[in-house]
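Chains as they are written, first to last, in this note's numbering: chain A, 488 to 646; chain B, 488 to 646; chain C, 488 to 646; chain D, 488 to 646; chain E, 488 to 646; chain F, 488 to 646. Think of the CB as a built atom: it goes at the ideal place given N, C-alpha and C, for glycine as much as any other residue. Before any comments, here is the structure.
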């Protein structure tokens, strides 16, 4: 290891960390994020959502499918056969934003933080894609891990 | 169209917009984003970066490769044979963060905003993945389009 | 060529036909298919559909995304940057079935029949997947090309 | 759950069902399907098959490879490391058709019906692709699950 | 540029070269390679080949499909909609080896050397995979570009 | 089986071998290969490498990511959730070449030879891609398995 960065070997070269000696335990990770947008865009999603729900439901599906492709996107991530992926999207009550929460689960030798974070990111990008014709100024932010359990490092809860 | 959302047809169903009648023009898009982290994490990247450069270079490559997969991730995006993708990462001077900028180009009937935003997102996720052993509290934010040119809607510059 | 099979060369070996000398023309293809199911399953989709629309909208999205992956699935298909993909699903009026119609378009040197047929197939498989907990006896059928235009062989309409 | 549809949560939103609490058992699924075609097309395949075998062997391989990509195509399918995939194709004796049978196996917490059905569908689409230069009127049909064993719901045999 | 390496910018960072200003011309590339093996393995392929042809035909198909995925595998390759891919395999006359030749074609702003080389590599790996139960000592070698035409740098013929 | 070729069934048709009855054991495979090039190309990599390291580090990453995609490329390979992948590249001391070594590990019912060989091949192709502007005459060779352990057939060491 090199200064605590588990993805770098002694020479600092990138590698996929060997998790073969780790215990297989039940692991869960939850991530969150937001897409900030103009009030009119929020209202347009709300109106469309009530009637048809498509912006939210397309983004949810994209997030779930994105979680399954995490190891293809993130170079040093281990391929993991996820046992579940949930993506929830709703209009924030305290801001002009869509709030996204994703939870992934697996029994494996390594955690699923990256799967949860990738699900949030892909759902957020999909929101952007579907609304960009009316609002190019949207911002994706606050993408962070909020909970993680299972594995040697124990449970993590964001402050 | 349905309330300005070009991805929804008259019934509000999701569809891949027909761009066949649009002009093929030279299109460029630039997106930016940040990964906020503890000062120690910034310093660890800086130290590693000076010596080996791997955290930054792995994230750059992941961003470039992510840009090429945009249409697989974002359900209603058109597949586009990108003519270039540049991803730049550096340690921010005004904050404890890595700043990411991605620019994509193509001559096509539709723009490459999503490719640039996807490149930034995948690079940011990769930074998170590579540093998460030392810092689980990182936040990905400020992902937004900063420039877009080409196409009927003309040039867009973020305020 | 070998007996009219354009994918086989003189020795009968598989190859990806050279379309480089063909004219780039506007091409359209429409395919249809059905998922036959128990009346109760139709009613459950209808009830869910009126309220939330998810079975139909997930299958529509899967069909669109499937169309984009045609060249990865069908060994000798050319990769094509589709300019549009529309997938429509509705409950058949004359049978206990979901009816699926997909239309793909492109300006290219080869047609998009396989993209339209793949969209229908993936949408049908998704219907099966989402309803299989209540009905394992569903049948996917009647998948066929109904319309094709553009290209040297001219317009095709199914009898 | 919502009306028996395990892919919809209480609000009817799509999700990837959590299979983490299910037992890991040996699971098998067999699916079948047919590609109906003109007698001349059958004869051309037969002639080619005797001499070179390529139409059938390309479709078989496409089916096997398609089975491995099921979770990428079907939005709410779990990624599964298949332990085997067999795809058999032969000219039907009772009709002008190619008959396709696929069997998939795995030791896992969820079944492989979708893998078997996807293998049949991709093999069928490949048959269409390889023969479409001589026969655009082919129809893909009768795609159904014929056998399933393993898992809590027990063995299923099509009527 | 940095010392003639077109993939590195002035700071030596990896990037996907901008080919947007290059002329779209007809481009062809041919690559070759060999899989060296024990005489008995050659004979087993030959015997199987005469009867069923599967080792050779599976490898051919894998090579064609691999060519289509070049831009996913090689980080800085441009995605290109290939207009043709031919892969030929035969038992070498002068050695105990399978000889592989791949030719790719496209009208594009950049060449298809990498597609031809990838096709050869994937076909070779497939030969290895199919024969490894009887011969683990096989060697893949002599993979090189033998011909390239189209583009500003003109025609290249291997010495 | 047919003449020792485990990928062919009694009729010689391709199939994905059923590994369901095999024991899950810890498996390791190491493969090697070389990219032969002009002395000037070696020197250019060395110079670039000392300063920035990018040619080598891009190829290393491509090899690791390639290992994860083995089952998509090699038609009859089983999908395997790798527990580690290491790719090492260095300038050979005895020749004008880059030497590549890849080691993959997993606890599974089948081995990871193909993953190690694919990692070497993709890293080699990436070296070619990054240096081809200065040297089209490079040759990829000597790709072979050097070590394999785990599984019923026991440990294999190349002569």
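Contact annotation for residue 573 of chain A against chain C: no contact, minimum CB-CB distance about 14 angstroms [criterion: below 7 angstroms]. Neighbours of residue 553 of chain F across chain E, judged by C-beta separation under 8 angstroms: 560. Taken atom to atom, the span from the alpha-carbon of residue 600 of chain D to that of residue 635 of chain D is near 7 angstroms. Neighbourhood of residue 596 of chain D in chain A, by CB distance below 7 angstroms: 570, in chain order.
The beta carbon of residue 544 of chain B falls within 8 angstroms of a beta carbon belonging to chain E, placing the residue at that interface.
For residue 506 of chain C, no beta strand (DSSP E) segment is defined, and its DSSP state is neither H nor E. Inclusion of residue 630 of chain B and residue 520 of chain B in the CB contact set at 8 angstroms is warranted, their separation being smaller than that value.
Contact annotation for residue 592 of chain E against chain C: 505 and 507 [CB-CB distance below 7 angstroms, chain order].
Under the Cβ criterion of 8 angstroms, residue 587 of chain A is not counted among the residues facing chain B. Contact annotation: residue 563 of chain D and residue 616 of chain C have beta-carbon atoms nearer than 8 angstroms. Look at residue 561 of chain D here: in three-state DSSP terms it is coil, with no helix or strand label. Taking C-beta separations shorter than 7 angstroms and ignoring five residues to either side along the sequence, the partners of residue 560 of chain C in its chain run 605, following chain order.
Beta-bridge analysis with DSSP links residue 619 of chain E to no other residue. Of the other Cβ atoms in all chains shown, fewer than 16 fall within 10 Å of the Cβ of residue 511 of chain B; this residue is therefore exposed. For residue 548 of chain F, the enclosing alpha helix (DSSP H) covers residues 541 to 555. With a cutoff of 8 angstroms on beta-carbon distance, residue 610 of chain F and residue 558 of chain F are scored as not near each other. Residue 501 of chain F belongs to the set of residues whose beta carbon lies under 8 angstroms from a beta carbon in chain D.
Neighbours of residue 622 of chain E across chain D, judged by C-beta separation under 8 angstroms, do not exist; the nearest C-beta is about 22 angstroms away.
The Cβ atoms of residue 531 of chain B and residue 570 of chain B do not sit closer than 8 angstroms to each other.
One finds 545 and 548 in chain E with Cβ atoms closer than 7 angstroms to the Cβ of residue 548 of chain D, taken in chain order. Taking 8 angstroms as the threshold, the shortest C-beta distance from residue 494 of chain D to chain A does not fall below it. Residue 567 of chain D reaches chain A at 568, counting residues in chain order whose Cβ is nearer than 8 angstroms.
Residue 640 of chain C is classed as exposed because its beta carbon has fewer than 16 other beta carbons within 10 Å across all chains shown. Listed along chain E are 623 and 624, each with a C-beta nearer than 9 angstroms to that of residue 645 of chain F. Using a CB distance below 7 angstroms, no part of the stretch 520 to 531 of chain B faces chain F.
Contact between residue 518 of chain F and residue 607 of chain F holds, since their C-beta atoms are separated by about 5 angstroms, short of 8 angstroms.
With respect to residue 602 of chain F, residue 572 of chain F sits close: the two C-beta atoms are nearer than 8 angstroms.
Listed along chain D are 544, each with a C-beta nearer than 7 angstroms to that of residue 541 of chain E.
Residue 604 of chain F carries a helical assignment under DSSP once its states are collapsed to helix, strand and coil. Interface criterion not met: the Cβ of residue 514 of chain A is under 8 angstroms from no Cβ in chain B.
By the beta-carbon neighbour count (other beta carbons within 10 angstroms, threshold 16), residue 533 of chain F is exposed.
Assignment of residue 534 of chain F by DSSP, reduced to helix, strand and coil, places it in the helix class. Annotation: residue 639 of chain D has no Cβ neighbours in chain C at a cutoff of 8 angstroms; minimum Cβ distance is about 11 angstroms. Think of a sphere of 7 angstroms around the beta carbon of residue 616 of chain E: the chain F residues whose beta carbon falls inside it are 561, 563, 564 and 601, in chain order. Counted as a single uninterrupted DSSP element, the beta strand (DSSP E) harbouring residue 585 of chain D occupies residues 584 to 595. When secondary structure is reduced to three states using DSSP, residue 581 of chain E falls in the coil class, being assigned neither helix nor strand.
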